[in-house]
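Those protein sequences? They're chains L and U, same order as listed. Just so you know, the first sequence maps onto residues 78 to 604 in my numbering. Just so you know, the second sequence maps onto residues 378 to 696 in my numbering. The structure appears right after this line, and notes come after that.
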Amino acid sequence: MYFARWKALAIVGVCLLGVLLSVPNLLPRESLPSWARQISLGLDLRGGSYLLLEVDTSAMVRERLESLVDSVRRGTASANPRILYTGLNANPAERRVSLRVSDPARAGDVARILREAAISVNAGAGSQQPDIEVTTAPDGTVTATLTEVALRNKASSAVEQSLEIVRRRIDESGLVEALIARQGQNRILVQLPGVEDPARIKDLLGRTARMTFHLLDEAANLQSATPPPGTMFLAGERGQERFAVRRRVEVDGANLNDARAGQDSRNGEWVVNFTFDSVGTRRFAEVTRNNVGRPFAIVLDDKVITAPVIREPITGGRGQISGSFTAQSANDLAVLLRAGALPAPLTVVEERTVGPELGADAIRAGIASLAVGTAFVFLYMGLAYGFFGWLANVALLANVIIMIGILSVMGATLTLPGIAGIVLTLGTALDANVLINERIREEVKLGRTPISALEAGFSKASGTILDSNLTNLIAMGCLYAFGSGPVRGFAVTVAIGTVVQMFTATVVVRLMVASWYRRRRPQALPV
Amino acid sequence: MFRLLSRPLFRLVPDNTKIPFMKGAVIGLIVSALLSTASVILAFYPGLERGIDFKGGIVMEVRTPGPANLAQLRAAASALNLGDVGLQEFGAPDQVLIRLPVQSDEAGTQTAVNRVRAALEQAAPGTRVLRVEAVGNRVSGELFRGGMIALGISFLAMLLYIWFRFEWQFGVAAIVTLFLDATKTVGFLALTQIEFNLQTVAAILTIIGFSANDKVVVFDRMRENLRKYKQMPLRDLVDLSINETLNRSLGTSATLFLSAVPLALFGGDTLGGFAWTMLFGIVISASSSVFIAAPIVLFTGAKALRKGEAAQPAGAPAG
């Protein structure tokens, strides 16, 4: 039962450090020095919204195949002489485009057109390869299949891009403190503290917001069931209007520099003003110069917002979208356009929203449980084990303080299950002291002197303590690895509590008992 | 006062307690096996009440401006054709819990949430949504798999750990006991219709950890006594070990139990299920150390432990 001076100081030092690290939680956030960290409250305690979004990569495959179909159509039409074919179609399920060339001798030309339309992708280790594999059959069938590598590449970059755009959209919408993180292969986690009704955010995030400028096909018959090749029928934003829009994208919304909501000076209507970047400005000027007097369409997510007639070439790179906007919807559209289009649609696959009232209830419940639990456990320990029991209680207090300190430094989030973890740690933490005290008692009854009974009690119990705590750590490790959300918070607090407890229950208590023994030199132990 | 508090005031188990636990070994095993079998049957019929974590679906807690008119709200929600709508008063007369089944596609679940919000607003203007949980099919499937894997792996890890630290008889005894404990807890969930969700899985895992901890302490003592009393019959030795550790086992179980009681009482809807499961598990695991784990060691080790020990030189490391 002897501690070297430096050892004793180190133990006291660790406890003081724990206090120092946990104190910032008692102070208001603004008055904290830069090093101090606080535990942040989880959404279930402070209220807020948790959204798990999934990137729908199948839409991307579809789009890529569509563009290949388009290339074939244009390439065969502009070839001299024209290449004739049948059955040109995209099959997203099998990730391929196929067609049958009427003159098998020209299948090679079609294959060449497709190969030219390929995009090179990174195949790992710095090598590049085309994103499609083109094969020709003797009967003139040509197929282009999207490769595995290309698919993975596309999906991964789509998630990265989506993550960035989600972040920008949320930033632009003025929400602070939002937490956005990638989760797993194709998911994005969004946590919005304090948001009670996430409907607006879900709406903002759920829109692809791809804006494109197209010319209209004035010759098309809107009454026919299928549009002519190269043209699509799109619905208008409002009403029953239908537009025959040419598939070819003249200018893409990606070439926008800025978009702001504003009011039209003439009629006070809400509009969105935008400016193109240099590429966009040039393309837009070109298109408008060549098509004066014709209508063009601004298409957002497959809906025509507006289809004005070009009155004169627009060379300044500025434009205005008017529709029946309200201040809110004009603002939202501006946010979406500024943040950019999502490469693939996002779906909310999990939502958990807690209002602030329930959060406050949860905090009250947590604190009440913690207080009553502490009282129960303290009384039991003190009454059942006397002096050593009260010492164990002091160590338990140190345990909780150090635990809070560690959680603060980790920047951990405290959830309701996390509080439950702390409460349960109170219960298990005393196990070590119960073991030690029982041991000491046995040794005393075997007739040992106080000092050797203490010595034997602490050292013999330590093996058992290590063994039995490891089982808890194993269980919590499994929970952390395979659980998700708040349950992980539980695993983390219990695991930290278990580790800290091994220190406080054995080392700290031992130090206290040792210094007590040196001062008092008791003839008998109070066990 | 200080004097009074400085000495232990009570002991759960008096010193020199000598309860012949192993007389009840066979009965203990049989009762436990019966209870566990019944539990497994209960888990399938009537079956566990799976929470939305594992089943998918929508849960909304709303507060109406006045006392809720359940019939009217039910009619409003049912009119949306979103499947079976469950409505119940929740805690207070103006608070209602609404449950909807999972929708067929992922996006549909979100649409359903919005439609219910709108329908409620129309049926009872001023209704506030306090909580929404909507879990789609894919996520719930993954959460369920994750929970089951966590349970499975933890069993395996405990088996390996105890096997590594002790003789194989102890490893087998521990894992069989843990399995029996876990099945009884599942039976408890089925019987009380407490929701089976990630939190109850967390409770079961905590119980497994705690129960294994309890077994380790008893086994540790058995191993020590095996070396100490070379001639004592295994039956007496097991009894002695249990009696010696009884005060500690009960004491630790008591502190854990006491700390979980407030969670069950004040934890509300979210932690209530978790805490009750814990309480049940604590009682189960405390008794299983005595009535299941120890008898298994006794029966499997009747010859091997004694003989093996005698053949080895004194103080040889076990395990």
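Heads up, the beta-carbon is just placed ideally off N, CA and C, and yes, glycines get one too.
CA-CA distance, residue i and residue j?
{"i": "U/ASN620", "j": "U/ILE396", "result": "7 Å"}
{"i": "U/GLN689", "j": "U/LEU411", "result": "With a pLDDT of 41 at U/GLN689, under the threshold of 50, the modelled position of this residue cannot be trusted, and the question is left open."}
{"i": "U/SER455", "j": "U/LEU568", "result": "29 Å"}
{"i": "L/LEU97", "j": "U/ARG505", "result": "42 Å"}
{"i": "L/THR289", "j": "L/PHE310", "result": "15 Å"}
{"i": "L/ALA445", "j": "U/ILE669", "result": "36 Å"}
{"i": "U/GLN570", "j": "L/ILE528", "result": "54 Å"}
{"i": "L/GLY504", "j": "U/VAL660", "result": "14 Å"}
{"i": "L/VAL486", "j": "L/ILE116", "result": "8 Å"}
{"i": "U/MET609", "j": "U/GLN546", "result": "18 Å"}
{"i": "L/SER175", "j": "L/ALA182", "result": "16 Å"}
{"i": "L/ILE257", "j": "L/PHE320", "result": "38 Å"}
{"i": "L/ASP294", "j": "L/ALA188", "result": "29 Å"}
{"i": "L/GLU107", "j": "L/ARG114", "result": "12 Å"}
{"i": "L/GLN300", "j": "L/ARG429", "result": "46 Å"}
{"i": "L/GLU434", "j": "L/VAL577", "result": "33 Å"}
{"i": "L/ALA336", "j": "L/VAL431", "result": "34 Å"}
{"i": "U/GLY460", "j": "U/ALA511", "result": "15 Å"}
{"i": "U/GLY548", "j": "U/ALA415", "result": "25 Å"}
{"i": "L/GLY566", "j": "L/MET579", "result": "20 Å"}
{"i": "L/GLU171", "j": "L/THR222", "result": "8 Å"}
{"i": "L/ALA87", "j": "L/VAL243", "result": "48 Å"}
{"i": "L/ALA437", "j": "L/LEU122", "result": "6 Å"}
So, using beta-carbon positions, are residue i and residue j closer together than 7 Å?
{"i": "U/THR583", "j": "U/SER665", "result": "no"}
{"i": "L/VAL146", "j": "L/TYR162", "result": "no"}
{"i": "L/ALA568", "j": "L/LEU556", "result": "yes"}
{"i": "L/GLY545", "j": "U/VAL594", "result": "In the sequence as displayed, the identity of residue 545 of chain L is Ser instead of Gly. It is a contact, given that the beta carbons lie within the stated cut-off."}
{"i": "L/VAL386", "j": "L/PRO372", "result": "yes"}
{"i": "L/PRO169", "j": "L/ARG192", "result": "no"}
{"i": "L/ALA475", "j": "L/VAL584", "result": "no"}
{"i": "L/GLN397", "j": "L/ASN344", "result": "no"}
{"i": "U/ALA448", "j": "U/ALA496", "result": "no"}
{"i": "L/LEU129", "j": "U/LEU386", "result": "no"}
{"i": "L/LEU507", "j": "L/ALA439", "result": "no"}
{"i": "L/ALA469", "j": "U/LEU640", "result": "no"}
{"i": "L/GLY283", "j": "L/ALA418", "result": "no"}
{"i": "L/TYR457", "j": "U/LEU656", "result": "no"}
{"i": "U/THR654", "j": "U/ALA580", "result": "yes"}
{"i": "U/PRO470", "j": "U/PRO502", "result": "no"}
{"i": "L/GLY251", "j": "L/LEU491", "result": "no"}
Below 9 Å on C-beta distance, what does residue i contact in chain L?
{"i": "U/MET535", "result": "THR548, ILE551, ALA552"}
{"i": "U/PHE565", "result": "Under the 9 Å cutoff, chain L gives no residues; its nearest Cβ is about 18 Å from U/PHE565."}
Quick one, which of the options has its alpha-carbon nearest residue i's?
{"i": "U/ILE673", "options": "U/THR629, U/ILE659, U/MET599, U/ALA652", "result": "U/MET599"}
{"i": "L/THR575", "options": "L/GLY394, L/LEU547, L/VAL590, L/ALA601", "result": "L/LEU547"}
{"i": "U/GLU572", "options": "U/GLU426, U/ILE407, U/ARG380", "result": "U/GLU426"}
{"i": "U/TRP540", "options": "U/ALA580, U/ASP597, U/ALA527", "result": "U/ASP597"}
{"i": "L/GLY271", "options": "L/ARG172, L/SER126, L/GLY95", "result": "L/SER126"}
{"i": "U/VAL462", "options": "U/LYS592, U/ASP616, U/VAL473", "result": "U/VAL473"}
{"i": "U/PHE676", "options": "U/ASP392, U/ARG384, U/LYS400, U/LEU459", "result": "U/LYS400"}
{"i": "L/THR358", "options": "L/GLY450, L/ASN367, L/GLY393", "result": "L/GLY393"}
{"i": "U/ALA679", "options": "U/TYR422, U/GLY628, U/GLY548, U/ARG612", "result": "U/ARG612"}
{"i": "L/PRO304", "options": "L/GLU318, L/LEU292, L/VAL322, L/LEU333", "result": "L/VAL322"}
Going along chain U, which residues have a C-beta under 8 Å from residue i?
{"i": "L/PHE559", "result": "GLY523, GLY524, ILE526, ALA527, ILE530"}
What residues of chain L sit near residue i, judged by a beta carbon separation below 8 Å?
{"i": "U/ARG477", "result": "Before going on, a small fix: residue 477 of chain U reads as Leu here, not Arg. Those do not exist, as U/LEU477 stays about 13 Å from chain L at its closest Cβ, beyond 8 Å."}
{"i": "U/PRO385", "result": "LEU460, ALA461, TYR462, GLY463, GLY466, PRO603, VAL604"}
{"i": "U/LEU656", "result": "Per Cβ cutoff of 8 Å: no residues; U/LEU656 is ~11 Å from chain L at best."}
{"i": "U/TYR538", "result": "LEU547, THR548, ILE551"}
Listing by chain order, which chain L residues have their CB less than 7 Å from the CB of residue i?
{"i": "U/SER636", "result": "GLY450, PHE453, VAL454, VAL500, LEU501, LEU503, GLY504"}
{"i": "U/VAL660", "result": "Correct list: empty, because the minimum Cβ distance to chain L is about 14 Å."}
{"i": "U/ASN624", "result": "GLU515"}
{"i": "U/ILE585", "result": "ALA552"}
Please list, in chain order, the chain U residues whose beta carbon lies closer than 7 Å to that of residue i.
{"i": "L/SER446", "result": "PRO639, LEU640, PHE643, GLY644"}
{"i": "L/CYS555", "result": "ALA527, ILE530, SER531, ALA534, LEU582"}
Say the cut is 6 Å; is the CB of residue i nearer than that to a heavy atom of the ligand HEM?
{"i": "L/GLU346", "result": "This structure lacks the ligand HEM; in fact it carries no ligand of any kind."}
Residues of chain U with a CB under 9 Å from the CB of residue i: which are they?
{"i": "L/GLY185", "result": "Chain U residues near L/GLY185: none, gap ~43 Å exceeds 9 Å."}
{"i": "L/TYR594", "result": "The premise fails here: L/TYR594 is roughly 14 Å from chain U at the closest Cβ pair, so nothing lies under 9 Å."}
- Item | Residues in the stretch 570-587 of chain L having any Cβ partner in chain U nearer than 8 Å | VAL571
- Task: Taking a Cβ distance cut-off of 8 Å, strictly less, list which residues of the stretch 488-511 of chain U are near chain L, in chain order.
- Result: When CB distances to chain L are screened at a threshold of 8 Å, the residues of the stretch 488-511 of chain U falling below it are VAL490, ASN491, ARG494, ARG505, VAL506, LEU507, ARG508, VAL509, GLU510, ALA511, in chain order.
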